[in-house]
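K.L.:
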Amino acid sequence: MHETFAFVTLALVKAAPLVFAALAGVACERAGVLNIALEGGLTVSAFAAVAASYATGNPLLGLAAAVAAGALLGGVLGVAATRFGVDQIVAGTGLNLLAAGAGAYGLVVLFGAPGASPEVRALGPRGEAALVVAAFALALGMHAFFAYAPWGLRWRACGENPAALRAAGVDPARLRVAATLAGGAIAGLGGAFLSLGELDLYSDGMTAGRGFIALAAVIFGRWTPLGATAAAVAFGAASALQFVLQRSGVPSDLMAALPYLAALAALTGIAGRARPPQADGVPLQPETAP
Amino acid sequence: MALAGANPLDGFAALLSGALGGPRQLAETLVQTTALLFPALAVAFAFRAGLFNIGAEGQLVVGGLCAGLAGASLVAPGYVAIPLVLAAGAAGGACWGAIAGFLRARFGASEVIATLMLNVVALLLANYLVSGPLRAPGAQGPETALLPAAAWLPVVARGTRLTLAFPLALLLAGLLRFVFARTVFGYELRAAGEAPEAAARAGVALRRVAFTAIALSGAIAGLGGATIVAGTLHRFNVSLSPGYGFVAIAVALVGGLDPLRIVLAAFAFGILQSGSLTMQALAHVPKDVVSIVEGLAILALAARRVVAPRIATA
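Residue numbers (the numbering used here), protein chains in the order written: chain A, 1 to 290; chain B, 1 to 314.
Here's what the structure looks like:
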């Protein structure tokens with residue numbers, strides 16, 4: 001009984017940052033922005049959280065800084081893609097490089113040592129639990145938003161048929177920027193969870209590909225908030241299982257590859273058609289009429 | 001740089017002197033240029049067909065792994081061993097690319113997502129193989145056995161690490177330019193990238209072109225991995241690439257997807273890569289600033305006109 005409880009706890013802790021990142025991915029992709037910079041978003045926000053907590057001694061300000069940093073990186077993607085005609089994939093790749101460099105560079109500038117930051121004041125067990133609850137609450141809220149709210153409908157229309165949205169009097173470019181800001185902020189919560197929830201420091205490479213696992217979860221969850229959350233929880237449980245199975249000799253690298261293989265399988269449509277939003281990743285056409 | 005409390009001019013001077021300050025520095029810069037040139041040509045090759053190969057990193061790793069395994073198990077004179085090792089690398093990269101190509105051509109799956117996922121799978125697979133079943137006996141880290149000296153790429157500048165890989169990469173750039181400009185296949189590739197609907201009506205089999213383009217793109221990246229294994233490391237190590245496959249995207253874009261301009265772009269980024277360590281040591285500017293510069297360069301240079309419209313296979 002006790003062991004089951006310990007496993008469920010570990011699975012939830014492993015799943016929470018994936019849920020945040022996956023919801024961030026859903027928020028962006030349903031508006032038509034394929035955000036492959038989720039990994040970069042987790043990196044900069046994990047670093048910002050530690051830096052702010054270090055500077056102020058207040059982990060809640062760290063959380064706020066993480067949300068701001070995530071939103072900033074997301075916003076850069078949104079603005080670059082909609083206003084400057086930069087391809088989303090190219091911009092996302094650039095932002096991932098930039099974020100990895102910024103984290104490593106920031107460590108040297110702020111703490112004078114490469115590799116890892118010193119320990120800072122973290123959110124503690126209660127804060128960690130609150131964030132786990134927040135992740136699932138956010139999933140439900142996003143589901144309700146997409147299903148019932150007028151702006152949720154417009155949001156989805158932006159990802160399916162932005163021209164129709166424009167005809168209805170909503171500027172899809174602004175909505176896409178809003179989506180990347182919101183998605184970035186959500187990814188920021190995930191980054192803060194990694195550095196101030198699960199741990200109390202930032203180290204290079206600590207995000208360990210979670211932004212890409214989240215993209216896999218989005219596909220596996222068919223671009224819906226609840227589906228992506230379920231997939232993220234499954235991937236989180238799989239990574240918790242790694243710790244349990246390590247002793248029994250199952251290679252952890254192969255276990256770690258499971259989410260990616262699952263996503264590749266989902267792409268083949270063996271379990272029903274996995275169809276992205278129609279205008280996912282498609283740049284907006286220039287306006288032809290006023 | 002100024003943020004780190006160093007004089008930006010000092011940092012820049014250190015970067016340049018570290019990259020170009022003498023024959024040995026120049027040779028090291030050319031080693032980095034070569035390592036970037038292969039995956040950059042790979043990325044450009046797929047781009048020309050309207051496909052995003054974000055997976056050059058994974059293809060490079062798999063190519064390097066295959067080259068390392070083939071090389072370590074070969075007992076043959078150099079003129080047999082070297083071509084075989086390079087071919088093994090190209091074949092490995094091609095296979096890895098072909099998976100994404102197959103998913104794209106058969107199921108219409110996004111090659112962006114597929115290559116992104118395959119990158120991570122490649123690293124995990126390589127890590128598993130060389131830290132477990134294929135680890136060299138007595139090796140210090142996760143790596144394969146040392147290649148026999150016959151399989152090493154010959155050094156072209158005495159006393160440096162610059163090998164035959166560099167002229168090979170230049171040759172490949174020239175070959176690709178020829179393919180794009182003068183062959184039917186190159187024409188179909190560009191047509192599929194620039195005007196897929198028109199190309200389809202003119203009888204270009206878009207799915208076949210998509211599959212071939214990603215597979216060949218993977219072969220080029222895999223060949224690059226093989227030259228790192230046979231040229232500089234002389235064994236496969238999981239950390240053989242500090243993200244060459246990602247920086248390569250910037251290189252390809254800066255080079256405007258034109259093979260010969262990509263050579264110049266690779267040289268410019270090679271300067272950044274090889275000069276950054278000197279800059280860190282002499283001017284106390286963290287080397288990671290280079291990643292930031294590279295990321296910004298991608299954002300700044302990726303104007304829409306560079307990137308061909310996506311293929312519509314449907």
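C-beta atoms are modelled at their ideal positions from N, C-alpha and C, and glycine is treated no differently. Fair warning: this is a prediction, and the values are worked out from it, not measured in the lab.
Can you round the beta-carbon distance between A250(B) and A297(B) to whole angstroms, since I take them to be within the 8 Å contact cut?
P.N.:
Going by Cβ atoms, the distance from A250(B) to A297(B) rounds to 5 Å, so yes, they are a contact pair.
K.L.:
Which residues in the same chain have their Cβ closer than 6 Å to the Cβ of A81(B), if we skip the five residues on either side of it in sequence?
P.N.:
Excluding positions up to five away in sequence, the list reads L74, A150 and A151.
K.L.:
What span of residues does the alpha helix (DSSP H) with G40(A) cover, start to end?
P.N.:
Looking at the DSSP string, the run of the alpha helix (DSSP H) that includes G40(A) is L38 to T56.
K.L.:
Which residue marks the beginning of the alpha helix (DSSP H) containing F152(B), and which one marks its end?
P.N.:
Just to set this straight, residue 152(B) is Trp in the shown sequence, not Phe. Where W152(B) is concerned, there is no enclosing alpha helix (DSSP H), given that its DSSP letter is neither H nor E.
K.L.:
Any idea what DSSP makes of N328(B), helix, strand or coil?
P.N.:
In the structure as shown, chain B begins at 1 and stops at 314. Residue 328(B) is therefore absent and cannot be evaluated.
K.L.:
May I have the straight-line CA-CA distance separating E57(B) from A248(B), to the nearest angstrom?
P.N.:
The straight-line gap from Cα to Cα measures roughly 9 Å.
K.L.:
In this structure, how does DSSP classify T163(B) when only helix, strand and coil are distinguished?
P.N.:
Note: T163(B) maps to strand in three-state DSSP.
K.L.:
Terminal residues of the continuous alpha helix (DSSP H) containing A6(A)?
P.N.:
It spans H2 to R30 - the alpha helix (DSSP H) in which A6(A) sits, taken as one unbroken run.
K.L.:
Start and end of the alpha helix (DSSP H) containing S276(B)?
P.N.:
Start and end: P259 to A283.
K.L.:
Smallest Cα separation from A72(B): which of Y79(B), V62(B), L60(B) and V85(B)?
P.N.:
For A72(B), the nearest C-alpha among the options comes from V85(B).
K.L.:
Between A216(A) and chain B, is any beta-carbon pair separated by less than 8 Å?
P.N.:
Yes, its Cβ sits closer than 8 Å to a Cβ of chain B.
K.L.:
Under DSSP, the alpha helix (DSSP H) around L201(A) begins and ends at which residues?
P.N.:
Note, L201(A): premise wrong, no alpha helix (DSSP H); not H, not E.
K.L.:
Between V316(B) and the rest of its own chain, which residues show a CB-CB distance below 6 Å, the 5 nearest in sequence each way excluded?
P.N.:
Lying before the first or after the last residue shown, residue 316(B) is absent from chain B, which here runs from 1 to 314.
K.L.:
Enumerate in chain order the residues of its own chain whose CB-to-CB distance from L153(B) is below 7 Å, with the five nearest sequence positions on each side excluded.
P.N.:
Once the five neighbours on either side are set aside, the close Cβ partners of L153(B) are I82, T163, L164, A165, T227, A230 and G231.
K.L.:
So, at 7 Å on beta carbons, what are the nonlocal neighbours of W223(A) in its own chain, with the 5 sequence-adjacent residues on each side left out?
P.N.:
Taken in chain order, the residues that qualify are V26, E29, R30, P276 and P277.
K.L.:
Tell me which residues share the same chain as R190(B) and place their Cβ nearer than 7 Å to its Cβ, disregarding the 5 neighbours each side in the sequence.
P.N.:
Around R190(B): R48 and F180.
K.L.:
Using only the alpha-carbon positions, how far apart do V307(B) and L147(B) sit?
P.N.:
Its pLDDT being 45, under 50, V307(B) is placed unreliably in this model, and the coordinates cannot settle the point.
K.L.:
Measuring only between beta-carbons, confirm whether E294(B) sits less than 8 Å from chain E.
P.N.:
Among the protein chains in the structure shown, which are A and B, there is no chain E.
K.L.:
Does any residue of chain A have a CB that is nearer than 8 Å to the CB of N53(B)?
P.N.:
Closer than 8 Å: no.
K.L.:
Tell me, please, which residues DSSP counts as bridged to E143(B).
P.N.:
Answer is N237(B).
K.L.:
Measure the alpha-carbon distance for H234(B) versus G152(A) and round it to whole angstroms.
P.N.:
Spanning the two alpha carbons is a distance of roughly 56 Å.
K.L.:
To the nearest angstrom, report how far apart S53(A) and A27(B) are at their CA atoms.
P.N.:
So the two alpha carbons sit approximately 45 Å from each other.
K.L.:
Starting from the N-terminal side, write out each stretch of the alpha helix (DSSP H) that is 4 residues or longer and does not extend beyond the stretch 92-150 of chain A.
P.N.:
Runs found: 124-148.
K.L.:
Do three or more CB pairs link the stretch 169-178 of chain A to the stretch 39-59 of chain A at distances below 8 Å?
P.N.:
The answer is no - the stretch 39-59 of chain A does not touch the stretch 169-178 of chain A, with fewer than three Cβ pairs under 8 Å.
K.L.:
Check the Cβ-Cβ distances between G209(A) and every residue of chain B, and say whether any is below 8 Å.
P.N.:
Closer than 8 Å: yes.
K.L.:
Taking DSSP as the reference, what is the three-state secondary structure of W223(A)?
P.N.:
Here W223(A) sits in coil by DSSP.
K.L.:
Please state the DSSP three-state secondary structure of A42(B).
P.N.:
Residue state, collapsed to three classes: helix.
K.L.:
Does the stretch 272-285 of chain B come into contact with the stretch 9-25 of chain B, if we say contact requires no fewer than three beta-carbon pairs (one atom in each stretch) closer than 8 Å?
P.N.:
Because the criterion of three Cβ pairs below 8 Å is met, the stretch 272-285 of chain B and the stretch 9-25 of chain B touch.
K.L.:
In the DSSP assignment, the alpha helix (DSSP H) including R174(A) goes from what residue to what residue?
P.N.:
P172 to A192 is the span of the alpha helix (DSSP H), which, as asked, contains R174(A).
K.L.:
Check each candidate in L97(A), A157(A) and L189(A) and name the one with the smallest Cα separation from A37(A).
P.N.:
Measuring from the Cα of A37(A), the nearest candidate turns out to be L97(A).
K.L.:
Alpha carbons only, please: which of F146(A), A216(A), V132(A) and V79(A) is nearest the one belonging to L193(A)?
P.N.:
Sequence inspection shows Phe at residue 193(A); the Leu mentioned does not correspond to that position. Considering only alpha carbons, the answer is V132(A).
K.L.:
Closer than 7 Å by beta-carbon distance: list the chain A residues that pair up with Y128(B), in chain order.
P.N.:
Per Cβ cutoff of 7 Å: P251, D253 and L254.
K.L.:
For G89(B), count the other beta carbons within 10 Å of its own beta carbon; 16 or more makes it buried, fewer makes it exposed. Which is it?
P.N.:
Label assigned to G89(B): buried.
K.L.:
Count the other CB atoms, across all protein chains shown, that sit within 10 Å of the CB of E188(B); report buried if there are 16 or more and exposed otherwise.
P.N.:
With 16 or more Cβ atoms within 10 Å of its Cβ, E188(B) is classed as buried.
K.L.:
Apply the 10 Å Cβ neighbour rule to P286(B) and answer buried if 16 or more other Cβ atoms are within range, or exposed otherwise.
P.N.:
Classification of P286(B): buried, given that the 10 Å Cβ count is 16 or more.
K.L.:
Between V76(A) and G62(A), which are expected to be in contact by the criterion C-beta below 8 Å, what is the C-beta distance as a whole number of angstroms?
P.N.:
Rounded, the Cβ-Cβ distance is 21 Å, inconsistent with contact.
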